[in-house]
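**Q** Reminder that position 103 of the sequence shown reads as 588 in our numbering, one-by-one numbering, no gaps.
Every residue gets a Cβ at the ideal spot worked out from N, C-alpha and C, and that includes glycine.
This structure is in C-alpha cells; I'll ask about it shortly.
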Amino acid sequence: MSKRITAAKKALIKCHEALGIKDNDKFVNSRKDKYAQTRAAIAVAMLEYRTTFEIADAIGRNRSTISYYKSNHSDNLIHWEGYNKIYETCNPIVNSILRYELVKDKLKYIDDQIAQLHSMRQDIVNDSPVVEINGNSIIRACDKVC
Numbered sequence: 486m487s488k489r490i491t492a493a494k495k496a497l498i499k500c501h502e503a504l505g506i507k508d509n510d511k512f513v514n515s516r517k518d519k520y521a522q523t524r525a526a527i528a529v530a531m532l533e534y535r536t537t538f539e540i541a542d543a544i545g546r547n548r549s550t551i552s553y554y555k556s557n558h559s560d561n562l563i564h565w566e567g568y569n570k571i572y573e574t575c576n577p578i579v580n581s582i583l584r585y586e587l588v589k590d591k592l593k594y595i596d597d598q599i600a601q602l603h604s605m606r607q608d609i610v611n612d613s614p615v616v617e618i619n620g621n622s623i624i625r626a627c628d629k630v631c
C-alpha cells in the first residue's frame, strides 16, 4: 500500500473518531444515511489531495463512486440533512493530515534536489582545470567563480 493511501486511511480514521464511528465494517457496508454521508463527505474532502483511485481504495469504494460524490456535493450540502455538519467536521481533519503529508513530500523533493545540486557542484569543482596565477599560485579555475 502506498504512503499516499496510508495517509488517506489515517485521515479516515481521525474522521471516524471525531464522528464517533467505531465499526469500520458498518462504515464500508452500511446504506444508512450516517455512513453514506460520512463516506461522501470524506471522499469529497480528500479530492484536493488524492486521486479518485486512491480515495476509493482508502474508503472501500470504486473510482466512479468518488466521482459521483463529487458531482453531488453541492446539492448534498444544501438538501441532504446532516451531510453539511459531517463535511464541516471532516474537511479540516482531512486538510490538516493530507496537507501535512503534501508539504512533507515537497520538502523531501526540495532536499533531494539540493543534495543533487551540491553533488553536481562538487563534480564541477573537482573536474575543473588547474590554472596558474602570478606565476606561482595554483588554484582551480572554479574556486574563484563557484
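Going by C-alpha to C-alpha distance, which of G567, E586, S549 sits closest to T523?
**A** The residue labelled residue 523 in the question sits at position 38 within the sequence shown. For T523, the nearest C-alpha among the options comes from G567.
**Q** Does the count of Cβ pairs from the stretch 491-506 and the stretch 568-583 closer than 8 angstroms reach three?
**A** Result yes; three or more Cβ-Cβ pairs closer than 8 angstroms.
**Q** Just to confirm before moving on: does the CB-CB distance between I506 and A528 stay below 8 angstroms?
**A** Here residue 506 refers to the residue found at position 21 when the sequence shown is read from its first residue. Here residue 528 refers to the residue found at position 43 when the sequence shown is read from its first residue. Result no, Cβ atoms of I506 and A528 do not sit closer than 8 angstroms.
**Q** Could you check what DSSP says for D560 in three-state terms: helix, strand or coil?
**A** Residue 560 sits at position 75 when you count from the first residue of the sequence shown. DSSP places D560 in helix when its eight states are reduced to three.
**Q** Under three-state DSSP, which class holds E573?
**A** The residue labelled residue 573 in the question sits at position 88 within the sequence shown. Reduced to three states, the DSSP call for E573 is helix.
**Q** Quick check on the burial criterion: 16 or more other C-beta atoms within 10 angstroms. Buried or exposed for R516?
**A** Taking the sequence shown and counting its residues from 1, one reaches residue 516 at position 31. Counting Cβ neighbours within 10 Å, R516 comes out exposed, since fewer than 16 surround it.
**Q** Just checking my contact of I571 with L504 at CB under 8 angstroms: how many whole Å lie between their CB atoms?
**A** As a first step, residue 571 must be located in the sequence shown, where it is residue number 86. As a first step, residue 504 must be located in the sequence shown, where it is residue number 19. Correct: roughly 7 angstroms between the Cβ atoms.
**Q** Are the CB atoms of R489 and E533 nearer to each other than 8 angstroms?
**A** Within the sequence shown, the letter at position 4 stands for residue 489. Within the sequence shown, the letter at position 48 stands for residue 533. In this structure, E533 does not lie closer than 8 angstroms to R489 by Cβ.
**Q** To the nearest angstrom, report how far apart W565 and I544 are at their CA atoms.
**A** For the purposes of this step, residue 565 is identified with residue 80 of the sequence shown, where counting begins at 1. For the purposes of this step, residue 544 is identified with residue 59 of the sequence shown, where counting begins at 1. Those two C-alpha atoms are separated by around 20 angstroms.
**Q** Are the CB atoms of N576 and A530 nearer to each other than 8 angstroms?
**A** Locating residue 576 in the sequence shown gives position 91, where the first residue counts as 1. Locating residue 530 in the sequence shown gives position 45, where the first residue counts as 1. In this structure, A530 lies closer than 8 angstroms to N576 by Cβ.
**Q** Tell me whether V630 is buried or exposed, calling it buried when 16 or more other Cβ atoms sit within 10 Å of its Cβ.
**A** Position 145 of the sequence shown, counted from the first residue, corresponds to residue 630. Note that V630 scores 49 on pLDDT, short of 50, meaning its location in the model is unreliable; the coordinates nonetheless yield the value given after this. Looking at its Cβ environment, which holds fewer than 16 other Cβ atoms inside 10 Å, V630 is exposed.
**Q** Please confirm whether I578 and K499 have their CB atoms less than 8 angstroms apart.
**A** Here residue 578 refers to the residue found at position 93 when the sequence shown is read from its first residue. Here residue 499 refers to the residue found at position 14 when the sequence shown is read from its first residue. For I578 and K499, yes; Cβs fall inside 8 angstroms.
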